[in-house]
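*Asks:*
See the structure below:
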């Protein structure tokens with residue numbers, strides 16, 4: 015990544031390219047600066063440095079994507095990269111399955127990924143998978159069949175992983191697809207794939223079915239409700255500072271003990287709050303939560319502006335991209351929002367980049383839209 019940044023900066027200097035600083039990118043920088051300040055009160059500096067490195071890398075990826083993808087040709091290459099990442103993950107899952115990596119009654123795991131993260135990553139790659147079928151007129155039916163194969167594999171491996179949220183996200187996605195012109199047919203095709211799997215391969219859904227019907231620990235969210243309450247209690251006691259970057263999970267046992275009278279719930283010494291916003295709050299307090307939320311809101315607003323401008327200017331490729339990414343983003347956020355340790359994961363920063371990118375491709379149209387004060 016550092017080599018990519020250095021190469022890009024050299025190209026930008028020689029070609030006199032202007033750096034792109036959107037509101038979201040600037041807010042990422044402010045967020046990172048606040049995280050650096052939190053080192054002043056962070057107890058465990060080793061954990062803090064590790065989290066800072068993680069944030070630096072994902073913000074760097076977002077910055078490079080926003081600055082480099084400035085044409086439809088580059089967008090096509092980016093979508094192809096997403097598609098390849100999805101197929102590589104499917105290939106790894108098939109290899110794990112072939113090597114006996116699945117035990118009946120246990121949750122399927124691939125590449126040491128958290129079982130719930132698998133469905134999030136499979137969903138995140140979906141825009142790249144569907145893009146050729148949506149955007150390329152040549153060989154469209156071939157791309158369509160390949161996309162349906164991916165969707166079937168993704169649903170199957172999500173079910174084997176036992177991710178209830180992941181399966182719900184796929185079902186929600188097929189419903190959401192029915193509300194936009196570009197993806198309407200995928201509502202039918204995706205639902206058909208799911209129903210075919212349920213009819214002819216019900217064994218795939220055994221693990222996730224057992225998790226839906228099994229009694230949960232403490233609440234209907236698999237114990238997350240207690241973690242959310244503990245995280246909010248921590249934020250209430252340290253609203254301006256939090257525990258310091260990366261240190262929130264290590265203070266969580268104290269607040270869990272207050273709520274549940276358990277010193278070592280589930281036999282662990284540290285707990286993520288299993289909600290990215292609450293996790294940011296436990297680390298960086300309310301200022302961190304506000305900055306983090308601003309990153310998402312400003313990027314989503316830019317996507318909405320690009321979507322509206324593309325419709326007005328009849329930019330079909332950008333319009334299709336905006337509809338496709340919006341639908342899939344909602345599904346990704348459904349799984350991301352209840353996951354632990356995902357606040358600094360590449361997933362959300364890649365998603366934010368995908369929201370900003372269409373604005374770069376229709377910059378003139380967006381400026382005209384703002385100047386004319388079009389009501390959205």
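Numbering (this note's numbering), first residue to last: 15 to 390. For every residue, glycine included, the Cβ atom is placed at its ideal position computed from N, Cα and C.
Cα separation between residue 196 and residue 155?
*Replies:* The straight-line gap from Cα to Cα measures roughly 16 Å.
*Asks:* Relative to the C-alpha of residue 352, which residue among 331, 366, 312 and 293 is closest?
*Replies:* Out of 331, 366, 312 and 293, 293 has the C-alpha closest to the C-alpha of residue 352.
*Asks:* For the pair the region 337 to 356 and the region 181 to 192, tell me if three or more CB-CB distances fall below 8 Å.
*Replies:* Short answer: they touch.
*Asks:* Does residue 359 come out as helix, strand or coil in the three-state DSSP assignment?
*Replies:* Residue 359: coil per DSSP, three-state reduction.
*Asks:* Which one of 249, 349 and 79 has the shortest CA to CA distance from residue 296?
*Replies:* Taking only the C-alpha atoms, the option nearest residue 296 is 249.
*Asks:* Taking only runs that begin and end inside the region 288 to 354, name each unbroken alpha helix (DSSP H) of 4 or more residues, in chain order.
*Replies:* Listed in chain order, the complete alpha helix (DSSP H) runs (minimum 4 residues) inside the region 288 to 354 are 290 to 327 and 330 to 350.
*Asks:* Out of 73, 86, 50 and 38, which one is the CA nearest neighbour of residue 375?
*Replies:* Looking at the Cα atoms, 86 is the closest of the given residues.
*Asks:* Is it the case that the Cβ atoms of residue 338 and residue 144 are separated by a distance below 8 Å?
*Replies:* Closer than 8 Å, so yes.
*Asks:* Just to check, is the beta-carbon of residue 365 closer than 7 Å to a non-hydrogen atom of the ligand ATP?
*Replies:* In terms of ligand content, the structure shown is empty, and the ligand ATP therefore cannot be addressed.
*Asks:* Give the range of the alpha helix (DSSP H) segment to which residue 262 is assigned.
*Replies:* Element bounds for residue 262: 262 to 274.
*Asks:* Is it true that the CB of residue 180 sits closer than 8 Å to the CB of residue 130?
*Replies:* It is a contact, given that the beta carbons lie within the stated cut-off.
*Asks:* In its own chain, which residues sit with a C-beta less than 8 Å from the C-beta of residue 126, not counting the 5 before and 5 after it?
*Replies:* No residues qualify anywhere along the chain.
*Asks:* Reducing DSSP to helix, strand and coil, say where residue 256 ends up.
*Replies:* Residue state, collapsed to three classes: coil.
*Asks:* Assuming residue 364 contacts residue 162 under a Cβ cut-off of 8 Å, what Cβ separation, rounded to an integer in Å, is found between them?
*Replies:* That pair is no contact at about 24 Å.
*Asks:* Beta-carbon within less than 7 Å of residue 355's beta-carbon, same chain only, minus the 5 sequence neighbours each way: which residues are those?
*Replies:* Closer than 7 Å at Cβ, skipping near neighbours: 286.
*Asks:* Just how far apart, CA to CA, sit residue 201 and residue 148?
*Replies:* Roughly 14 Å between the two C-alpha positions.
*Asks:* Name the two residues that bound the continuous alpha helix (DSSP H) containing residue 227.
*Replies:* Counting along the chain, the alpha helix (DSSP H) containing residue 227 begins and ends at 220 to 227.
*Asks:* Below 6 Å CB to CB, which residues in the same chain sit around residue 164 once its five sequence neighbours on both sides are set aside?
*Replies:* Excluding residues within five positions, the ones whose Cβ falls inside 6 Å are 143.
*Asks:* Whole angstroms is fine: what's the gap from residue 259's alpha carbon to residue 65's?
*Replies:* Approximately 7 Å between the Cα atoms of the pair.
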